[in-house]
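Numbering-wise (our numbering), the sequence shown opens with residue 187 and increments by one.
We treat Cβ as the ideally placed atom computed from N, Cα and C, and that holds for glycine.
To keep things clear, I will list the structure first and then write my remarks on it.
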Amino acid sequence: MAESAEAHPFELLCAEAASKRWCWKLVCTTCGALDLRAALWGLASRLSPPKGTRLLGAWPHRIQRELIAQVEAAPLERIVRSAPFPDGLGYLGMVLSIAAEAESVERRLTTAWCPQLAALADLDSDLFAGSMASWPARDGVLRPWDLERVESAMRSLV
Ligand SMILES: [Zn+2]
187 MAESAEAHPF
197 ELLCAEAASK
207 RWCWKLVCTT
217 CGALDLRAAL
227 WGLASRLSPP
237 KGTRLLGAWP
247 HRIQRELIAQ
257 VEAAPLERIV
267 RSAPFPDGLG
277 YLGMVLSIAA
287 EAESVERRLT
297 TAWCPQLAAL
307 ADLDSDLFAG
317 SMASWPARDG
327 VLRPWDLERV
337 ESAMRSLV
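Laid out in structure tokens, this is it:
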């Protein structure tokens, strides 16, 4: 891809999140990670969330699918390595959480991200995919908590 050297829009969003130390906790009773959620909504819809948008609830499927399309080709290694560890994985986890319903059907992030995550954590790609799945039981879909495995594997590499 010719433009791979240029910053990806999701990469820019993550850089802003890192510099402003936005919260990425999926269940945060203090701030709801609303800064990050609002920015992701903006990335997906190219608009700020309309007043009264329930950023904490399930997002409309159309917006979930747009979010997936916007982040699918993001350079995960650059995102994870340029944020304070493990915040980059936290941003990815938020996307997987928000887009979970659409991803369970489309599996586009699962396909695009799993090989990158496995490489990042020096995990065997097939093993990672296999364990992530316990495939049939969990539908073979990449979920936010699969990133905990990546995080602990990356810690052990340091
Ligand atoms: Zn918070």
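- Remark: C-beta atoms of A286 and E252 do not approach each other more closely than 8 Å.
- The DSSP-derived three-state label of G228 is helix.
- For R240 and A225, the gap between their C-alpha atoms comes out near 14 Å.
- In this structure, L278 and L333 form a Cβ contact; the two beta carbons are roughly 6 Å apart against a cut-off of 8 Å.
- Under the criterion of beta carbons closer than 8 Å, E289 and I254 qualify as touching, at roughly 6 Å.
- Counting only residues of its own chain and dropping the five nearest sequence neighbours on each side, S234 has a CB closer than 8 Å to the CB of A224, W227, G228.
- L253 sits in a helix when the DSSP states are folded into three classes.
- For K206, the shortest separation between its Cβ and any heavy atom of ligand 1 does not lie below 7 Å.
- In chain order, E337 place their CB closer than 6 Å to the CB of P272, counting only its own chain and leaving out the 5 sequence neighbours on each side.
- Shown here for V257: same chain residues with a beta carbon closer than 6 Å to its own, the five before and five after excluded, namely F196, V281 in chain order.
- Following the DSSP letters along the chain, one finds D308 in no alpha helix (DSSP H), marked with neither H nor E.
- Distances between the C-beta of A201 and the heavy atoms of ligand 1 are all 7 Å or more.
- Ranked by how close their Cα comes to the Cα of M340, the residues E192, R267, R294 have R267 in first place.
- Taken through DSSP and simplified to helix, strand or coil, R264 comes out as helix.
- When C-alpha distances from G274 are compared across L303, L295, I284, the shortest belongs to L303.
- DSSP, read as helix, strand or coil, puts S234 in coil.
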